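Chemist: I have a structure I would like to understand better, so I am pasting it below and will then ask my questions one at a time.
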Amino acid sequence: AHLDRITAIDAKVGAFLHVSSDRALQQAAAADERRAAGKPLGPLDGVPVAVKDVLCDEGELVTCASRMLEHFRAPYDSTVVAKLKAAGAVLVGRTNMDEFAMGGSTENSAFKKTHNPWDLTRSPGGSSGGSAAAVAACEAPLAIGTDTGGSIRQPAALCGIVGMKPTYGRVSRYGLVAFASSLDQVGPFARTVEDTALLYDAIAGHCDRDSTSANMEAKPTAPTIDEPLKGLRVGVVPEHYADGLDAEVKAAVDASVDRYKELGAEIVEVHLPNAKHGVATYYVIAPSEASSNLARYDGVHYGHRTDETAMHAELAAERKAATDAGDKAALKKIDSALVRLYRKSRSEGFGPEVQRRIMLGVYALSEGYADAYYLKGLQVRRLIRQDYDRAFEKVDVILGPTTPAPAFKLGELVDDPLSMYLLDLYTVAANLAGLPAISLPCGMSKSGLPIGMQLMAPPLEEERLLRAARMHE
Ligand code: GLN
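Residue numbers (UniProt numbering): 29 to 501.
The following block contains the structure:
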């Protein structure tokens, strides 16, 4: 049924980069056989799951929506994909994303645009926009995304679904193509909090192959999901109501605060004085790590390689011209074949936003600047974490908006990177501080666009976070 749905509507939505129909039908048939034979079933047995095109799935393409990896097939399974297979899931296909997960609209994909199912002229958000759109459009009941600075929560909010970024270290990053390793987390998308919990339970837990994996069992969250939290203290943050928050989003979040009051929660004001530095800090640290992680794609070790015959011909022609002109200075300036191979391969393989991030990162890490930018960024990151530690002495969860406004038009922001970066205002802190955070629907704008709210909890408190979210539904 889901494959039929994809065939019927994905030409309009554009959620998928590849659909694995044959394998999905085999996996579904195997699940049917298990059921018929009365064999024990996995927690997601026979349930379709869409996966962002950034996690390795043995033998399948993993493009990261980049020309650089257009033909790359995964030689092994990421831990998350292996866990999904072990849970009995049917992996329907690979979803569109911003190239290497850099962006907030999915417009940075090298291959296609994804449209918001609520209004096809609008962005689904990003970078996991394909996964969010697939779930919102009922092309899959569940999907996997990744969140480095908001890429699960922001598209969940803009597409009217639930999306959770787990605690840093809760879900294995083994086999995840790295963007910013100290911020990246894999997490679930679903249409309800309970489904989110079931998918999270299937992928969470310690992994020996990820050196930053939390070394403890992840207790299943689904069994207690319907138990309301007694005496819940919900934190609200005046700093969240800074200029630029859309009036309808503010009203919807305020209504959610009232809802928690009705449910018997205590509402407590808490302060996050360094929240205003979140975006600046994130856009120093994330590009720095990205520039280092993406150094491997040079056309020799990994990734797209430029047409070498054309490159050598170009080089020979330049050398000949300089020699004929007797211009020794020009001759000296011509790159070696190897440098030219790297430069051309990277220029062709990476899109403009990825190149921008690499330049920002290399600059922030360069000698003479690293102390002023990168190390300063790490110091502010620590202050942001301390703000949360203090706030969580007084409250159990923190409630606020996920995004400053509902879904924007495709094309509206893509040429204005700074405005796009500012949309990450409410989401980056959870990554910088390593906290779990969830976005869930909390209303609709007058023009019929979904509005999301965000709940955050202390590290490793996913169970509390999900139960608090479930109470609100
Ligand atoms: N929008 C943010 C960025 O562009 C977040 C991306 C992400 O979480 N992968 O970096």
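Yeah, the Cβ is synthetic: ideal placement off N, Cα and C, and Gly gets one too. Because the structure is a prediction, the values reported are computed rather than measured.
#1: Could you say which of 469, 314, 430 and 90 lies nearest to residue 47 if we only look at CA atoms?
#2: Please go through the segment 220-244 and give each complete alpha helix (DSSP H) segment of 4 or more residues, from N-terminal end onward.
#3: Buried or exposed: where does residue 167 fall if 16 or more other Cβ atoms within 10 Å of its Cβ makes it buried?
#4: Decide if residue 149 is buried, meaning its Cβ has at least 16 other Cβ atoms within 10 Å, or exposed.
#5: Kindly identify the DSSP beta-bridge partner or partners of residue 71.
#6: Hey, does residue 131 have any beta-carbon neighbour from chain B nearer than 8 Å?
#7: If we require 4 or more residues per run, which alpha helix (DSSP H) segments fall completely within the segment 331-356?
#8: Using a threshold of 7 Å, is the CB atom of residue 178 nearer than that to any non-hydrogen atom of the ligand GLN?
#9: For residue 467, does the three-state DSSP call read helix, strand or coil?
#10: Can you tell which of 378, 379, 345 and 380 has the C-alpha that lies nearest to the C-alpha of residue 363?
#11: Need the endpoints of the alpha helix (DSSP H) that residue 140 sits in, please.
#12: DSSP three-state label for residue 144, please.
#13: Is it buried or exposed, residue 130, if we count other Cβ atoms within 10 angstroms and call 16 or more buried?
#14: Assuming residue 80 is part of the beta strand (DSSP E), what are its boundary residues?
#15: Using a Cβ distance threshold of 8 Å, determine whether the segment 476-484 contacts the segment 260-280, with at least three qualifying pairs required.
#16: Rounded to whole angstroms, what's the CA-CA distance from residue 121 to residue 292? Just pull it up for me.
#17: Using 8 Å as the threshold, is the C-beta distance between residue 187 and residue 144 below it?
#18: Would DSSP call residue 119 helix, strand or coil?
#19: Whole angstroms is fine: what's the gap from residue 410's alpha carbon to residue 312's?
#20: Below 6 Å CB to CB, which residues in the same chain sit around residue 316 once its five sequence neighbours on both sides are set aside?
#21: Between the beta-carbon of residue 214 and the beta-carbon of residue 174, is there less than 8 Å?
#22: Mapping DSSP to helix, strand and coil, what is residue 194?
#23: Since residue 159 and residue 127 should fall inside the 8 Å C-beta cutoff, what is the C-beta to C-beta distance between them, to a whole number of angstroms?
#24: With C-beta atoms as the reference, is residue 152 less than 8 Å away from residue 161?
#25: Measure the C-alpha to C-alpha separation of residue 435 and residue 200 and round it to an integer number of angstroms.
#26: Hey, quick one: how far does the beta strand (DSSP E) through residue 435 stretch, first residue to last?
#27: In whole angstroms, what is the alpha-carbon distance linking residue 365 and residue 112?
#28: Between which residues of its own chain and residue 62 is the CB-CB distance below 7 Å, once the five residues before and five after are set aside?
#29: Touch check for the segment 256-270 and the segment 294-312: three-plus C-beta pairs under 8 Å?
#30: What's the gap between the Cα of residue 439 and the Cα of residue 136?
#31: Does DSSP classify residue 367 as helix, strand or coil?
#32: Could you tell me whether the segment 424-433 touches the segment 345-356, using the rule of 3 or more Cβ pairs below 8 Å?
#33: If we count Cβ pairs, one from each stretch, closer than 8 Å, do we get three or more for the segment 469-479 versus the segment 315-333?
#34: DSSP puts residue 294 in a beta bridge; with which residues?
#35: How would you write the range of the beta strand (DSSP E) that residue 107 sits in, first residue to last?
#36: Nearer than 7 Å: is that true of the beta carbon of residue 452 relative to any heavy atom of the ligand GLN?
Modeler: Taking the coordinates as given:
#1: 90
#2: Listed in chain order, the complete alpha helix (DSSP H) runs (minimum 4 residues) inside the segment 220-244 are 221-231.
#3: buried
#4: exposed
#5: Partner(s): none; residue 71 has no beta bridge.
#6: In the displayed structure, chain B is absent; only one protein chain is listed.
#7: DSSP runs (the alpha helix (DSSP H)) wholly in the segment 331-356: 336-352.
#8: yes
#9: strand
#10: Selected option, being the one with the closest Cα: 345.
#11: Unbroken run through residue 140: none, as it is neither H nor E.
#12: Strand, per DSSP.
#13: buried
#14: 76-80
#15: yes
#16: Roughly 42 Å between the two C-alpha positions.
#17: yes
#18: strand
#19: 14 Å
#20: 389, 392, 393 and 402
#21: Yes, the Cβ-Cβ distance between residue 214 and residue 174 is below 8 Å.
#22: coil
#23: 15 Å between Cβ atoms; not a contact.
#24: yes
#25: 30 Å
#26: Here residue 435 belongs to no beta strand (DSSP E), and DSSP marks it neither H nor E.
#27: Just so you know, the alpha carbons of residue 365 and residue 112 end up roughly 44 Å apart.
#28: 69 and 73
#29: yes
#30: 11 Å
#31: helix
#32: no
#33: no
#34: 261
#35: First-last for residue 107: 107-114, but that is the alpha helix (DSSP H), not the beta strand (DSSP E).
#36: yes
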